[in-house]
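Enquirer:
In this note's numbering, the protein residues as written are 126 to 300.
Right, dumping it as structure tokens:
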């Protein structure tokens with residue numbers, strides 16, 4: 126659904142501006158990313174309004190996205206499924222409240238996963254040079270470790286979900 130919408134929009138842009146240097150495929154891909162991101166944010170915030178957990182939804186979205194930018198991870202094949210699964214995940218994670226000792230344990234598990242698996246599968250998702258991957262690992266670990274300072278349930282479960290997506294459940298290009 127998202128790919129079809131992005132395709133129609135890209136074709137419309139190309140029709141109105143045929144001299145634009147971006148190819149139809151590049152426009153379609155870029156628009157699909159924008160539609161996907163916007164849909165996740167809007168749907169998650171609406172659910173947050175309904176559940177009265179808007180601030181927690183924002184924390185989940187920001188924590189998950191920031192760690193994902195530097196650590197990579199598993200991607201779903203369909204933009205539509207990505208929106209559905211991510212919105213559901215954000216909505217559920219925003220409801221979690223844990224005692225401090227559990228937050229510390231979850232943060233530790235996430236820290237170990239980030240140290241072992243980060244970055245994962247970035248070559249297909251980013252133009253960051255492989256020579257920066259060790260730095261991305263350090264940034265990922267420091268980001269996760271920052272939750273020892275914040276001791277946030279919301280950040281802990283967001284980081285745990287993201288670091289679980291780093292585990293190469295299939296063969297990926299980690300290096």
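For glycine and all other residues, C-beta sits at the position ideal for the given N, C-alpha and C.
Would you check if the stretch 274-290 and the stretch 171-188 touch, i.e. whether three or more CB-CB distances between them fall below 8 Å?
Expert: With the cut-off at 8 Å, the stretch 171-188 and the stretch 274-290 touch.
Enquirer: Which residues bound the alpha helix (DSSP H) around residue 127?
Expert: Where residue 127 is concerned, the enclosing alpha helix (DSSP H) stretches over 127-141.
Enquirer: Are the beta-carbon atoms of residue 153 and residue 145 separated by less than 8 Å?
Expert: In this structure, residue 145 does not lie closer than 8 Å to residue 153 by Cβ.
Enquirer: Would you mind giving the Cβ-Cβ distance between residue 241 and residue 285, rounded to the nearest angstrom? I have them listed as a contact below 8 Å.
Expert: That belief does not hold up - the Cβ atoms of residue 241 and residue 285 are roughly 14 Å apart, past 8 Å.
Enquirer: Could you give the C-beta distance for residue 294 and residue 199, rounded to a whole number, given that I count them as a contact under 8 Å?
Expert: The Cβ separation is near 7 Å, so the contact holds.
Enquirer: Residues in its own chain within less than 7 Å of residue 128 by CB, not counting five upstream and five downstream?
Expert: 157 and 204, listed in sequence order.
Enquirer: Taking only three categories from DSSP, how would you classify residue 198?
Expert: In this structure, residue 198 counts as coil in the three-state DSSP scheme.
Enquirer: Kindly identify the DSSP beta-bridge partner or partners of residue 211.
Expert: Note: residue 211 sits in no beta bridge, so no partner.
Enquirer: For residue 176, count the other beta carbons within 10 Å of its own beta carbon; 16 or more makes it buried, fewer makes it exposed. Which is it?
Expert: Classification for residue 176: exposed.
Enquirer: Could you confirm whether any beta carbon from chain C is found closer than 8 Å to the beta carbon of residue 187?
Expert: Looking at the structure shown, chain C is missing, and only one protein chain is on hand.
Enquirer: Using DSSP's beta-bridge definition, name the partner residues of residue 245.
Expert: BP columns for residue 245 point to 197.
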